[in-house]
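Asks: What follows is a single structure, and I will ask about it in a moment.
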Amino acid sequence: MQQMHSLQVEMSQMNWRAFDLNLLIVFDGVMQDRSVTRAAKRLGMSQPAMSHALNRLRGLLKDELFVRTPKGMLPTPRAELLALPLHHALAEMQRALEPDRFVPAKADRRFTLAIDNYAAVVLAAPLVAAVSAAAPSVQLDLRPSGTLDVVDRLDNGDLDLVIGNVENAGERFGTTLVLEDRFVTVMRRRHPAGRGNLSAEVFAGLPHLVISSSGEDTSFIDRSLGPRGLKRRIVLRAPYLSVGAILAESDLVATLSRRIAERSSPERTRSSSTSCPSSRQSSGRRSCGIGRSTIIPPTAGFGTSSSP
Numbered sequence: 012m013q014q015m016h017s018l019q020v021e022m023s024q025m026n027w028r029a030f031d032l033n034l035l036i037v038f039d040g041v042m043q044d045r046s047v048t049r050a051a052k053r054l055g056m057s058q059p060a061m062s063h064a065l066n067r068l069r070g071l072l073k074d075e076l077f078v079r080t081p082k083g084m085l086p087t088p089r090a091e092l093l094a095l096p097l098h099h100a101l102a103e104m105q106r107a108l109e110p111d112r113f114v115p116a117k118a119d120r121r122f123t124l125a126i127d128n129y130a131a132v133v134l135a136a137p138l139v140a141a142v143s144a145a146a147p148s149v150q151l152d153l154r155p156s157g158t159l160d161v162v163d164r165l166d167n168g169d170l171d172l173v174i175g176n177v178e179n180a181g182e183r184f185g186t187t188l189v190l191e192d193r194f195v196t197v198m199r200r201r202h203p204a205g206r207g208n209l210s211a212e213v214f215a216g217l218p219h220l221v222i223s224s225s226g227e228d229t230s231f232i233d234r235s236l237g238p239r240g241l242k243r244r245i246v247l248r249a250p251y252l253s254v255g256a257i258l259a260e261s262d263l264v265a266t267l268s269r270r271i272a273e274r275s276s277p278e279r280t281r282s283s284s285t286s287c288p289s290s291r292q293s294s295g296r297r298s299c300g301i302g303r304s305t306i307i308p309p310t311a312g313f314g315t316s317s318s319p
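Now the structure itself:
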């Protein structure tokens with residue numbers, strides 16, 4: 012007890028403001044491995060740097076701390092006395108500084124997600140199923156991203172996650188590729204453009220319906236047509252849910268993600284490649300539609316043709 016008391020008094024008199032706490036990590040590493048070489052490798056240090064740090068600590072504590080033997084570094088009585096308290100202290104510091112580890116099965120919180128039209132139709136159901144299976148106590152709050160400044164809301168903590176295409180997100184946000192898709196051009200049954208090849212010139216000249224929500228922003232199509240001197244003839248901008256009914260009763264065409272078009276028809280679309288200035292989106296959600304096909308679904312009222 013007297014030895015411990017004298018140690019506490021001596022260490023309390025040290026200038027802790029000038030003390031390099033990394034030296035304690037070096038001490039703990041050598042204590043655990045009983046080898047300067049192995050400890051240096053585990054801590055990502057060179058052996059000379061490790062030896063230099065250990066010598067600095069020896070000078071500060073005025074003790075040899077470790078003696079080299081054929082069986083490894085043998086701790087001195089002073090080192091044995093320091094080992095356990097310092098190991099526990101370093102572990103506590105590490106736990107305090109590291110973020111809490113997320114355990115899905117034990118999580119009980121609500122996550123707020125901004126989600127566009129595409130993701131709402133294609134990904135919402137499997138997302139909810141996966142979250143319910145892995146984290147049964149987690150709640151999801153899905154909000155339409157078209158009405159939100161998602162970058163600002165991510166910055167201020169109002170949103171936890173955005174699913175969709177996000178422009179100007181910068182490098183401060185982590186991103187993950189969810190899926191890739193292509194666009195197809197959708198039109199009514201027996202549409203005049205449904206016969207023969209749909210060239211870029213014919214495609215641009217058709218009367219286009221454009222989804223007004225940012226979740227189905229197809230401006231990259233116009234950027235692809237621009238180098239050819241072409242521009243789409245946009246006749247109508249309309250909400251997402253009204254597209255099917257409008258197309259079924261008009262000669263308008265709309266360019267939608269392939270998975271959306273497939274869900275709008277009881278038959279699946281087909282496509283064959285033709286040349287097109289492909290333009291992949293940064294989110295990886297979809298790319299410029301390449302190729303052409305026509306499907307006449309028996310009940311949906313409109314067919315599909317992949318955009319040029």
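Numbering-wise, the numbering used here comes out as the position in the sequence shown, counting from 1, plus 11. Just so you know, even glycine gets a beta-carbon here, dropped at the ideal spot from N, CA and C.
Would you mind sorting R239 into buried or exposed? The rule is 16 or more other CB atoms within 10 Å of its CB.
Replies: Locating residue 239 in the sequence shown gives position 228, where the first residue counts as 1. Exposed: under 16 other Cβ atoms inside 10 Å.
Asks: P218 and V264: beta carbons closer than 8 Å?
Replies: The count along the sequence shown starts at 1 and reaches residue 218 at position 207. The count along the sequence shown starts at 1 and reaches residue 264 at position 253. Yes.
Asks: Taking its Cβ as the centre, do 16 or more other Cβ atoms sit within 10 Å of D111, making it buried, or is it exposed?
Replies: As a position in the sequence shown, residue 111 is number 100, starting the count at 1. The residue in question, D111, is exposed, as its Cβ has fewer than 16 Cβ neighbours within 10 Å.
Asks: Can you round the beta-carbon distance between L258 and L220 to whole angstroms, since I take them to be within the 8 Å contact cut?
Replies: The residue you call residue 258 lines up with position 247 of the sequence shown. The residue you call residue 220 lines up with position 209 of the sequence shown. Correct: roughly 7 Å between the Cβ atoms.
Asks: From G312 to N167, what distance separates their C-alpha atoms?
Replies: Translated into the one-based positions of the sequence shown, residue 312 becomes position 301. Translated into the one-based positions of the sequence shown, residue 167 becomes position 156. Low local confidence applies: a pLDDT of 37 at G312 is under 50, so the model's placement there is unreliable, with the coordinate-based value given in what follows. Taking the straight line joining both Cα atoms gives about 45 Å.
Asks: Would you please state the rounded distance, in angstroms, between the beta carbons of M56 and P86? I believe it to be under 8 Å.
Replies: Locating residue 56 in the sequence shown gives position 45, counting from the first residue. Locating residue 86 in the sequence shown gives position 75, counting from the first residue. Going by Cβ atoms, the distance from M56 to P86 rounds to 19 Å, so no, they are not a contact pair.
Asks: Helix, strand or coil for T196? Go by DSSP, reduced to three states.
Replies: Locating residue 196 in the sequence shown gives position 185, counting from the first residue. Residue state, collapsed to three classes: strand.
Asks: For A60, I'd like the list of residues in its chain whose CB is within less than 8 Å of its CB, leaving aside the five on either flank, ordered along the chain.
Replies: Translated into the one-based positions of the sequence shown, residue 60 becomes position 49. Within its own chain, the residues whose Cβ lies closer than 8 Å to the Cβ of A60, once the five positions on either side in sequence are excluded, are A51, listed in chain order.
Asks: For the beta strand (DSSP E) that R79 lies in, which residues bound it at each end?
Replies: Locating residue 79 in the sequence shown gives position 68, where the first residue counts as 1. Segment 77-80, the beta strand (DSSP E) holding R79.
Asks: Helix or strand or just coil, what does DSSP make of F30?
Replies: Against the sequence shown, residue 30 aligns to sequence position 19. F30: coil per DSSP, three-state reduction.
Asks: Got a sec? Which residues, its chain only, sit under 7 Å from A94 by beta carbon, not counting five neighbours each side?
Replies: Taking the first residue of the sequence shown as position 1, residue 94 is located at position 83. These residues qualify, in order along the chain: M42, P86.
Asks: Tell me, please, whether the region 112-132 touches the region 146-155 by the rule of three or more beta-carbon pairs shorter than 8 Å.
Replies: yes
Asks: If you check the beta carbons only, do R97 and F184 fall under 8 Å apart?
Replies: Residue 97 sits at position 86 when you count from the first residue of the sequence shown. Residue 184 sits at position 173 when you count from the first residue of the sequence shown. Looking at the sequence provided, one finds Leu at residue 97 rather than Arg. Not a contact, by the Cβ cut-off of 8 Å.
Asks: By DSSP, does A272 sit in helix, in strand, or in coil?
Replies: Working through the sequence shown from its first residue, we reach residue 272 at position 261. The answer is helix: DSSP assigns A272 an H, G or I state.
Asks: Please identify the residue among S62, D31, N33 whose C-alpha is closest to the C-alpha of R45.
Replies: The residue labelled residue 45 in the question sits at position 34 within the sequence shown. Each of S62, D31, N33 was checked against the Cα of R45, and the nearest Cα belongs to S62.
Asks: Would you report the Cα separation of I170 and A136, rounded to the nearest angstrom?
Replies: Walking along the sequence shown from the start, residue 170 turns up at place 159. Walking along the sequence shown from the start, residue 136 turns up at place 125. Per the sequence shown, residue 170 should be read as Leu rather than Ile. When rounded, the distance between both Cα atoms is 20 Å.
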